[in-house]
């Protein structure tokens, strides 16, 4: 049974494009950065919710799950609330992955 689960997982991972993997990695890194900053401040989810003016605790849970597609506005709100940097404003463009059509990105 374990071998079947692994082959299904391997098959699924093989279907993820390099571009999608980059996006997933970025979302996970952002979530980890938020979680680390919260721990440094001794904050719980409710503390962050209040600091960024959210009304629903489930939003914070989603942010920390690593699956949320953040807006720039939300990232800036989080940077201010947590006193961290989440957006690298000097980042070079990503050019070493292929698009879904198989063409290399410029």
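In the working numbering, the protein residues as written are -16 to 89.
Cβ atoms here follow ideal geometry from the backbone N, Cα and C, with glycine treated the same way.
Exercise. Apart from the five residues just before and just after residue 67, which ones in its own chain have a Cβ nearer than 7 Å to its Cβ?
Worked result: For this step, residue 67 is matched to residue 84 along the chain shown. Once the five neighbours on either side are set aside, the close Cβ partners of residue 67 are 16 and 20.
Exercise. Does the Cβ-Cβ distance between residue 31 and residue 43 come in under 7 Å?
Worked result: Along the chain shown, read from residue 1 onward, the residue named residue 31 stands at position 48. Along the chain shown, read from residue 1 onward, the residue named residue 43 stands at position 60. Cβ distance < 7 Å, so residue 31 and residue 43 count as in contact.
Exercise. What does a CB cutoff of less than 7 Å around residue 51 pick up in its chain, not counting 5 residues either side in sequence?
Worked result: On the chain shown, position 68 is the one that residue 51 refers to. Non-local beta-carbon contacts of residue 51 in its own chain, meaning distances under 7 Å to residues more than five positions away in sequence, involve 10 and 45 in chain order.
Exercise. Run through DSSP, which three-state label would residue 70 get?
Worked result: Here residue 70 corresponds to residue number 87 of the chain shown, with the count starting at 1. DSSP, reduced to helix, strand and coil, places residue 70 outside both helices and strands of the structure shown, so it counts as coil.
Problem set entry | Closest by C-alpha distance to residue 35, when choosing among 71, 61, 2 and 72 | Counting from one through the chain shown, the residue named residue 35 turns up at place 52. Taking only the C-alpha atoms, the option nearest residue 35 is 61.
Exercise. Candidates 69, 65, 70 and 71: which alpha carbon is nearest residue 23's?
Worked result: For the purposes of this step, residue 23 is taken as residue 40 along the chain shown, with counting starting at 1. With distances taken between CA atoms, residue 23 lies nearest to 65 out of 69, 65, 70 and 71.
For this session: Count the other C-beta atoms from every protein chain shown that fall within 10 angstroms of the C-beta of residue 13, then say buried if there are 16 or more, exposed otherwise.
Result: Position 30 of the chain shown, counting from 1, holds the residue named residue 13. With 16 or more other Cβ atoms from the protein chains shown falling within 10 Å of its own Cβ, residue 13 counts as buried.
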